[in-house]
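Heads up, the thing below is written out as structure tokens.
In full-length UniProt numbering, the protein residues as written are 1 to 228.
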């Protein structure tokens, strides 16, 4: 789905998907990520994603859904700030690891877990004050449909935060299919239902480290609010 839970991983995402594979479609399937989370070593840094910190810090804590939660870094950060958080991912191994991390962080009582695939996600009547996903990069330009699906889980007056990689020369080491899955924030606007107001639609610069070298990348950031 992305690069899964923290670009600080170095790289997250939350997603699923860019990591070490050559084929974006393969990396958007659960078996690849179950294998990735089967070892003892953490894949991501555990730090919260920068744009989540930037936007959620200003919100009044309520209920939150983090789709593509990976090892739970963003879930734990939100829970520590008073949110009741559901971490969602399509990898059972990733969810198990996230639950362990939440337990170790002392926030297990403020978290729960939901195994879902963002491509077929259906809120099933559940709603949240904040729905967030970071570095989820489905192949074949599928992110607009994902945004539409996630918007259905936002409560009236609540917020949707979607962050991903903007196309950049910094990602020339990735396969063409991975680069093609990246997007600009404005590309996602068609996925917003009519009762949503876009508050932030921009590419935000951020410095990351790869192979010991600092480089600037841009986070495509869409923040929208569902009208009450």
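C-beta atoms are modelled at their ideal positions from N, C-alpha and C, and glycine is treated no differently.
All values derive from a computational prediction rather than experimental measurement.
Query raised in the report: CB-CB under 6 Å to residue 145, same chain, minus the five flanking residues each way: which ones, in chain order?
Result: Same-chain partners within the cutoff: there are none.
Query raised in the report: Roughly how far, in whole angstroms, is the beta-carbon of residue 224 from the beta-carbon of residue 192, given that I think they are within contact range, below 8 Å?
Result: In this structure residue 224 touches residue 192 by the C-beta definition: roughly 6 Å separates them, less than 8 Å.
Query - Exposure of residue 149, with buried meaning 16 or more beta-carbon neighbours within 10 Å - result: Classification of residue 149: buried, given that the 10 Å Cβ count is 16 or more.
Query raised in the report: Using the rule of at least 16 other Cβ atoms within 10 Å of the residue's Cβ for burial, across every protein chain shown, is residue 55 buried or exposed?
Result: Buried, since its Cβ has 16 or more Cβ neighbours within 10 Å.
Query raised in the report: With DSSP run on the structure shown, which of helix, strand or coil describes residue 191?
Result: Residue state, collapsed to three classes: helix.
**Report entry** C-alpha distance - residue 11 paired with residue 49, whole-angstrom precision
**Finding:** Because the pLDDT of residue 11 is 28, which lies under 50, any placement of that residue in the model is unreliable, and the question is left without a value.
**Report entry** residue 170 versus 106, 151, 187, 205, residue with shortest Cα-Cα distance
**Finding:** Considering only alpha carbons, the answer is 205.
Query raised in the report: With DSSP run on the structure shown, which of helix, strand or coil describes residue 25?
Result: Note on residue 25: pLDDT 49, under 50, position unreliable in the model; the coordinate value appears next. The three-state secondary structure of residue 25, taken from DSSP, is helix.
**Report entry** Collapsed DSSP secondary structure at residue 60 in the structure displayed
**Finding:** In this structure, residue 60 counts as coil in the three-state DSSP scheme.
Query raised in the report: Sorted by chain position, which residues of the same chain lie with C-beta nearer than 6 Å to residue 131's C-beta, five sequence neighbours on each side aside?
Result: Same-chain partners within the cutoff: 65, 150, 153, 154, 160.
Requested in this report: Given a cut-off of 7 Å, decide if residue 102 and residue 108 are closer than it, judged by their beta-carbon atoms.
Outcome: Yes, the pair counts as a contact, with Cβ atoms nearer than the cut-off.
Query raised in the report: residue 142 to residue 181, Cα distance in whole Å?
Result: So the two alpha carbons sit approximately 8 Å from each other.
Query raised in the report: If you draw a straight line from the alpha carbon of residue 82 to that of residue 75, how long is it in whole angstroms?
Result: Whole-angstrom Cα-Cα distance: 11 Å.
**Report entry** Residue burial classification, residue 212 (beta-carbon count within 10 angstroms, cutoff 16)
**Finding:** Around the CB of residue 212, fewer than 16 other CB atoms lie within 10 Å, so the residue is classed as exposed.
Query raised in the report: Would residue 127 pass as a contact of residue 184 if the rule is Cβ separation under 7 Å?
Result: Contact: no.
Query raised in the report: Going by C-alpha distance, which of 216, 202, 85 is nearest residue 188?
Result: If you compare the alpha carbons of 216, 202, 85 with that of residue 188, the shortest gap goes to 202.
Query raised in the report: Can you tell which of 113, 106, 94, 89 has the C-alpha that lies nearest to the C-alpha of residue 120?
Result: In terms of Cα proximity to residue 120, the closest of 113, 106, 94, 89 is 89.
Query - Exposure of residue 156, with buried meaning 16 or more beta-carbon neighbours within 10 Å - result: Exposed is the call here.
Query raised in the report: Do you know offhand how far residue 35's Cα is from residue 172's?
Result: Bear in mind that a pLDDT of 49 at residue 35, under 50, signals an unreliable position, so the number given afterwards is only what the model happens to contain. Straight across, the Cα-Cα distance linking residue 35 with residue 172 is about 25 Å.
Query raised in the report: Grouping DSSP H, G and I as helix and E and B as strand, with all else coil, what is residue 221?
Result: DSSP places residue 221 in strand when its eight states are reduced to three.
Query raised in the report: Beta-carbon separation of residue 85 and residue 78 under 7 Å?
Result: Yes. Within cutoff.
Requested in this report: Give the secondary structure of residue 128 by DSSP, where H, G and I count as helix, E and B as strand, and everything else as coil.
Outcome: If DSSP states are grouped into helix, strand and coil, residue 128 belongs with the strands.
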